[in-house]
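*Asks:* Numbering (this note's numbering), first residue to last: 117 to 352.
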């Protein structure tokens, strides 16, 4: 069923936890921002580094077999770069992202540890990385289809990293189904929750990201973790 939750109370709880775990959540928030950015940037970098400038006149005057071989070579290099990026995401970036989210989840229990960042590596990191990869892939494919369904799916899958942070053995099907169930009737409210941080992000942009690093990112991450706790506890 639809869970009633109060955005203000959730954000108030997040501020209390931010104060109690300040240095930890600022550093982990910074790592998380880097991880989320690095996945996309490395994919973009892989594509960009393999852009080869081909002079059209050279193409027509050249040997066709050589041109075909060169194009196959370029395609091969791009494919290898993309494959490497996928492997890196599954075995490194995604497990680290879930580990960072575990730190935010554990703030509620009062036992958040630095070593939580590496948590996924002790709990079947390939599995966690693969489930997260499927989450990102499905969100990307839905976004390709239409922007709005992509955003809706993004919120439907929002709880997957938090579920994996507490249930590392959860199957892909169960993680997707449970996140969908938890977010049922809560997607719009979660979107409004995120919109409520927009003033802070504008302030962050004005201050060259300093406010985002020192306050907004950890504050928002803790609010998301609080939402996870609220939906998890009321859904059981």
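Glycine included, C-beta positions come from ideal geometry on N, C-alpha and C.
In chain order, what residues of the same chain have a beta carbon less than 6 Å from the beta carbon of residue 236, not counting five sequence neighbours either side?
*Replies:* To locate residue 236, count along the chain shown from 1; it is residue 120. Within the same chain, residue 236 has close Cβ partners 211, 214, 215, 244.
*Asks:* Please report the distance separating the alpha-carbon of residue 347 from that of residue 200.
*Replies:* Numbered from 1 along the chain shown, position 231 holds the residue referred to as residue 347. Numbered from 1 along the chain shown, position 84 holds the residue referred to as residue 200. Cα to Cα, residue 347 sits roughly 36 Å from residue 200.
*Asks:* In the DSSP assignment, the alpha helix (DSSP H) including residue 293 goes from what residue to what residue?
*Replies:* As a first step, residue 293 is located in the chain shown; it is residue number 177 there, counting from the start. 288-299 is the extent of the alpha helix (DSSP H) around residue 293.
*Asks:* Going along the chain, which residues of its own chain have a beta-carbon closer than 7 Å to the beta-carbon of residue 317, five neighbours each way excluded?
*Replies:* The residue labelled residue 317 in the question sits at position 201 within the chain shown. Taken in chain order, the residues that qualify are 328, 332.
*Asks:* Is it right to say residue 182 is buried, meaning 16 or more other beta carbons lie within 10 angstroms of its own, or is it exposed?
*Replies:* To locate residue 182, count along the chain shown from 1; it is residue 66. Residue 182 should be labelled exposed.
*Asks:* Let me know if residue 379 comes out buried or exposed under the rule of 16 or more other beta-carbons within 10 Å of its beta-carbon.
*Replies:* With the chain covering only 117 through 352, there is no way to say anything about residue 379.
*Asks:* Going straight from the alpha carbon of residue 228 to that of residue 285, what length do you get?
*Replies:* For the purposes of this step, residue 228 is taken as the residue at position 112 of the chain shown. For the purposes of this step, residue 285 is taken as the residue at position 169 of the chain shown. Taking the straight line joining both Cα atoms gives about 21 Å.
*Asks:* Considering only their Cβ atoms, is the gap separating residue 273 from residue 254 smaller than 8 Å?
*Replies:* Counting from 1 along the chain shown, the entry for residue 254 is found at position 138. Counting from 1 along the chain shown, the entry for residue 273 is found at position 157. Closer than 8 Å, so yes.
*Asks:* What number of angstroms, rounded off, separates the C-alpha of residue 113 from the C-alpha of residue 152?
*Replies:* In the structure as shown, the chain begins at 117 and stops at 352. Residue 113 is therefore absent and cannot be evaluated.
*Asks:* Look at the Cβ atom of residue 277, then the Cβ atom of residue 299, and state whether they are nearer than 8 Å.
*Replies:* For the purposes of this step, residue 277 is taken as residue 161 along the chain shown, with counting starting at 1. For the purposes of this step, residue 299 is taken as residue 183 along the chain shown, with counting starting at 1. Against a cut-off of 8 Å, the Cβ pair of residue 299 and residue 277 comes out as no contact.
*Asks:* Taking its Cβ as the centre, do 16 or more other Cβ atoms sit within 10 Å of residue 226, making it buried, or is it exposed?
*Replies:* In the chain shown, residue 226 corresponds to position 110, counting from 1. The residue is exposed, with fewer than 16 neighbouring Cβ atoms inside 10 Å.
*Asks:* Would residue 179 be called buried (16 or more neighbouring beta carbons within 10 Å of its own) or exposed?
*Replies:* For the purposes of this step, residue 179 is identified with residue 63 of the chain shown, where counting begins at 1. So residue 179 ends up on the exposed side.
*Asks:* Look at the Cβ atom of residue 344, then the Cβ atom of residue 275, and state whether they are nearer than 8 Å.
*Replies:* Working through the chain shown from its first residue, we reach residue 344 at position 228. Working through the chain shown from its first residue, we reach residue 275 at position 159. Closer than 8 Å, so yes.
*Asks:* Just to confirm the assignment, what range does the alpha helix (DSSP H) spanning residue 236 have?
*Replies:* Position 120 of the chain shown, counting from 1, holds the residue named residue 236. Looking at the DSSP string, residue 236 is not in any alpha helix (DSSP H), and its letter there is neither H nor E.
*Asks:* For a quick check, are the C-beta atoms of residue 133 and residue 223 less than 8 Å apart?
*Replies:* Here residue 133 refers to the residue found at position 17 when the chain shown is read from its first residue. Here residue 223 refers to the residue found at position 107 when the chain shown is read from its first residue. Contact flag set, yes.
*Asks:* Kindly give me the distance between the Cβ atoms of residue 126 and residue 339, rounded to whole angstroms, as I take these residues to be in contact under 8 Å.
*Replies:* As a first step, residue 126 must be located in the chain shown, where it is residue number 10. As a first step, residue 339 must be located in the chain shown, where it is residue number 223. The Cβ separation is near 6 Å, so the contact holds.
*Asks:* Using 10 angstroms around the beta-carbon of residue 206, count the other beta-carbons present and answer buried if the total reaches 16, otherwise exposed.
*Replies:* As a working mapping, residue 206 is identified with position 90 in the chain shown. By the neighbour-count rule (16 or more Cβ atoms within 10 Å), residue 206 is buried.
*Asks:* What is the DSSP secondary structure of residue 256, reduced to helix, strand or coil?
*Replies:* Taking the chain shown and counting its residues from 1, one reaches residue 256 at position 140. Residue 256 falls in the helix class under three-state DSSP.
*Asks:* With DSSP as the reference, label residue 149 as helix, strand or coil.
*Replies:* Mapped onto the chain shown, residue 149 falls at position 33. Residue 149 falls in the helix class under three-state DSSP.
*Asks:* Between the alpha carbons of residue 203 and residue 194, how many angstroms are there, rounded?
*Replies:* By one-based count along the chain shown, residue 203 stands at place 87. By one-based count along the chain shown, residue 194 stands at place 78. If you take the alpha carbons of residue 203 and residue 194, they lie about 14 Å apart.
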